[in-house]
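Under mature numbering (1 follows the signal peptide of the UniProt record, and there is no 0), residues -31 to -1, 1 to 240 are what the sequence shown spells out, in order.
Heads up, the beta-carbon is just placed ideally off N, CA and C, and yes, glycines get one too.
Step one of this worksheet: look at the structure below.
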Amino acid sequence: MARVTLAISSLRWLMLIALLLDSDLSHRTVAKGFLLSEGPDPKDPEEAGKFEGDIDISSDGLKRNVILSASKWKNGTVFYEIDQKYVSWQSKAITSALREFERLVNKKGPCIHFLPRFQEKDYVFISPVKPSCYSKLGRDGGKQVTSLGIPCLYLPGKVMHEMMHVLGFLHEQSRTDRDGMVKIAWENIEDGHAMNFDKYNPQTADGLNLPYDFGSVMHYSEKAFSKNGRDTIIPRVKGVMIGQRITLSELDVKKVRHYYNCDKSHDLQLK
């Protein structure tokens, strides 16, 4: 049933994106890993040269406990401003992804809200800084930039991925229990990027007592940071897919609701 739901949701999003994009969409192709690009071997815009590719934290932040240093947004409300550099379909792609994020997370009650900024001090400024995607981790204070380059807008999960970082979430494959779920092929990783595959220790990241989620929008793809086109992450469970950027998974939703104390019962068991 979950797969059928995801398939329907995916089809709906793909139809929406087709309507939003300019008429030159026909010359673009969907590459493996859900990245829409013009090239046969696209560079994932999430590989932006930041910490773990797309987390924008200072050198001091690298020395600290990154998850504990990430501040939550008060009342789960994230104020945002969209750069006027975006054309109409691009702004619509961003706001549509934000509305879908809210719809999924708020199904069982109010939790997360993305609201246009009026005069709020702390807010996210969404801008096409280069072609890449990256975000601050949690509420950084004042104006904080989230980069959503144009390649980040072709699938809603790209936007949702960065908003998960904004809310304070790290990458799934960096969990402390990942080695029992995936194998890291270190020999295939680009030189200088091995640190992006390091695990967090229990004092650094909290898995919220939820199962490992291959389907998370926060999981790297199988060829993330590959130097030779071979897989860098190999699931130990046959038949699963990793790296989807279509929508939030069921467990992604549970993480958000639990982390922001949206459920009084905190019932984290899958139903």
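Residue j beta carbon less than 8 angstroms from that of residue i
{"i": "T115", "j": "S101", "result": "no"}
{"i": "P171", "j": "T145", "result": "yes"}
{"i": "H134", "j": "L106", "result": "yes"}
{"i": "Y169", "j": "G45", "result": "no"}
{"i": "I203", "j": "S190", "result": "no"}
{"i": "G137", "j": "K43", "result": "no"}
Beta-bridge pairing of residue i - partner residues as DSSP gives them
{"i": "L84", "result": "F48"}
{"i": "Q113", "result": "V93"}
{"i": "S40", "result": "R108"}
{"i": "C102", "result": "L117"}
Neighbourhood of residue i by C-beta distance below 8 angstroms, restricted to the same chain and skipping five residues each side
{"i": "F194", "result": "E16, G22, I158, E159, H162, N165, F166 and T201"}
{"i": "E69", "result": "W(-19), P125, M129 and T216"}
{"i": "I63", "result": "I51, Y55, I95, L117, L122 and V128"}
{"i": "R86", "result": "F48, Y49, E50 and Y92"}
{"i": "D232", "result": "K77, G78 and R226"}
{"i": "residue 243", "result": "Outside the displayed span of the chain (-31 to 240) sits residue 243, for which this structure offers no information."}
{"i": "I119", "result": "Q59, P97 and P100"}
Limits of the unbroken beta strand (DSSP E) element including residue i
{"i": "Y55", "result": "Counting along the chain, Y55 falls outside any beta strand (DSSP E), and DSSP gives it neither H nor E."}
{"i": "P204", "result": "I202 to P204"}
Same chain only: Cβ atoms within 6 angstroms of residue i, ignoring 5 sequence neighbours per side
{"i": "R199", "result": "N157"}
{"i": "L177", "result": "K224 and H227"}
{"i": "E141", "result": "D182, S185, M187 and H188"}
Start-to-end residues for the alpha helix (DSSP H) that takes in residue i
{"i": "K152", "result": "Unbroken run through K152 is the beta strand (DSSP E), V151 to I153; no alpha helix (DSSP H)."}
{"i": "P125", "result": "P125 to L136"}
{"i": "Y228", "result": "E219 to Y228"}
Report yes or no: do the segment 118 to 132 and the segment 148 to 166 share at least 3 C-beta pairs separated by less than 8 angstroms?
no
Would you check if the segment 204 to 222 and the segment 158 to 169 touch, i.e. whether three or more CB-CB distances between them fall below 8 angstroms?
no
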